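**Q** Residue 240, in numbering that gives the first Met the number 0, is where the sequence shown stops; the numbers in between run on with no holes.
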Amino acid sequence: MSLQTRAIPVLSDNYSWLLRDTATGCTAIVDPGEAAPIEAVLEETGGRLDLILLTHHHADHVGGTDALRARYNARVAGPASEQARMPALDIPLHDKDTLAVGQSEGRVLAVPGHTLGHISYYFADPPTLFCGDTLFSLGCGRLFEGTAEQLFTSLKRFAPLPDETLVCCGHEYTEGNCAFALHAEPDNADLKARIAEVKRLRAAGQATVPSTLGEERATNPFLRATDVPTLARLRREKDTF
0 MSLQTRAIPV
10 LSDNYSWLLR
20 DTATGCTAIV
30 DPGEAAPIEA
40 VLEETGGRLD
50 LILLTHHHAD
60 HVGGTDALRA
70 RYNARVAGPA
80 SEQARMPALD
90 IPLHDKDTLA
100 VGQSEGRVLA
110 VPGHTLGHIS
120 YYFADPPTLF
130 CGDTLFSLGC
140 GRLFEGTAEQ
150 LFTSLKRFAP
160 LPDETLVCCG
170 HEYTEGNCAF
180 ALHAEPDNAD
190 LKARIAEVKR
200 LRAAGQATVP
210 STLGEERATN
220 PFLRATDVPT
230 LARLRREKDT
240 F
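(1) With Asn176 as the anchor, note down where its alpha helix (DSSP H) starts and where it stops.
(2) My output table needs one value for Val9: the three-state DSSP class, helix, strand or coil.
(3) Rounded to whole angstroms, how far is the Cβ of Cys167 from the Cβ of Thr4, which I believe are closer than 8 Å?
(4) What residue range does the beta strand (DSSP E) around Phe129 cover?
(5) At what residues does the beta strand (DSSP E) containing Gly77 begin and finish?
(6) By how many angstroms is the C-alpha of Ala73 removed from the C-alpha of Leu137?
(7) Give every residue of the same chain whose Cβ lies closer than 8 Å to the Cβ of Leu160, excluding the five residues on either side of it in the sequence, and list them in chain order.
(8) Does the distance from the C-beta atom of Val110 to that of Ser103 stay below 7 Å?
(9) If we call anything under 7 Å between Cβ atoms a contact, is Ala79 one with His93?
(10) Given a threshold of 16 other Cβ atoms within 10 Å of its Cβ, counted over all protein chains shown, does His117 qualify as buried or as exposed?
(11) Using the DSSP secondary-structure output, state which residues sit across from His170 in a beta bridge.
(12) Which residues share a DSSP beta bridge with Pro161?
(13) Rounded to a whole number of angstroms, what is the C-alpha to C-alpha distance between Asp189 and Glu214?
(14) Is it true that the CB of Val100 sits closer than 7 Å to the CB of Cys25?
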């Protein structure tokens with residue numbers, strides 16, 4: 000496997016993601032919500048940061064960018080359409096662009112909905128998806144800027160990816176998503192088993208992510224929605240659940 004991934008808890012319930020290409024040592028961080036926890040991990044693991052990858056402009060995903068850039072001389076990549084609302088981008092990205100972390104190549108997927116310019120990053124070796132706030136374990140992001148139709152289309156962008164794809168999302172929301180998921184699909188046996196596992200992990204103080212796309216396809220009511228009206232209804236209900 001050429002890409003190693005590690006979750007770094009930041010702020011109250013965010014995750015930033017550390018990527019290291021094993022062939023070259025090239026190191027990247029996805030969505031640095033704050034700098035200090037990331038700096039601590041970087042200093043433990045060689046003190047190198049080459050790239051900062053941003054998925055969208057929200058402060059809890061970009062807040063540590065400038066401090067990390069200044070300390071490590073890292074280059075910053077992110078959605079070109081949101082560059083006016085986030086730290087300065089050295090590498091403005093568009094849908095279907097590619098981005099190298101050492102010898103590991105990532106592909107950019109435009110996934111509007113949570114924000115209009117939201118992007119995800121997909122790396123194939125091993126299959127890993129950095130999806131920000133578009134997809135959560137057992138949930139999805141709120142529609143702050145986009146429409147249900149946009150989000151439905153965005154979630155379908157993940158359909159060609161293999162079941163074993165790691166879903167590296169932006170928040171530890173899984174336990175909070177359990178009750179609504181069960182409300183939406185009360186007879187889903189796979190979901191009931193996933194909820195039991197989530198409760199076990201959280202009771203032990205462990206992270207519930209990354210999950211896999213296969214798990215989400217079996218248990219996440221938003222990813223399982225078959226049409227736009229269903230997704231829109233689920234999102235409205237979840238907003239007030």
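All C-beta atoms, glycine included, are put in the ideal place defined by N, C-alpha and C.
Predicted model only: the values in this text are computed from it and were never measured.
**A** Per the coordinate set shown:
(1) For Asn176, the enclosing alpha helix (DSSP H) covers residues 173 to 183.
(2) Note: Val9 maps to strand in three-state DSSP.
(3) By a beta-carbon distance limit of 8 Å, Cys167 contacts Thr4. Their separation comes to about 6 Å.
(4) For Phe129, the enclosing beta strand (DSSP E) has its first and last residue at 126 to 131.
(5) Annotation: the continuous beta strand (DSSP E) that includes Gly77 extends over 74 to 78.
(6) Rounded to the nearest angstrom, the two C-alpha atoms are 33 Å apart.
(7) Only Tyr121, Pro126, Leu128, Leu212 meet the Cβ criterion.
(8) Contact annotation: Val110 and Ser103 have beta-carbon atoms that are not nearer than 7 Å.
(9) One thing to note: Ala79 has its Cβ within 7 Å of the Cβ of His93.
(10) With 16 or more Cβ atoms within 10 Å of its Cβ, His117 is classed as buried.
(11) Residue pairing for His170: DSSP places it in a beta bridge opposite Asn13.
(12) Answer by DSSP bridge pairing: none, since Pro161 is not bridged.
(13) Approximately 8 Å between the Cα atoms of the pair.
(14) Using a Cβ distance threshold of 7 Å, Cys25 and Val100 count as a contacting pair.
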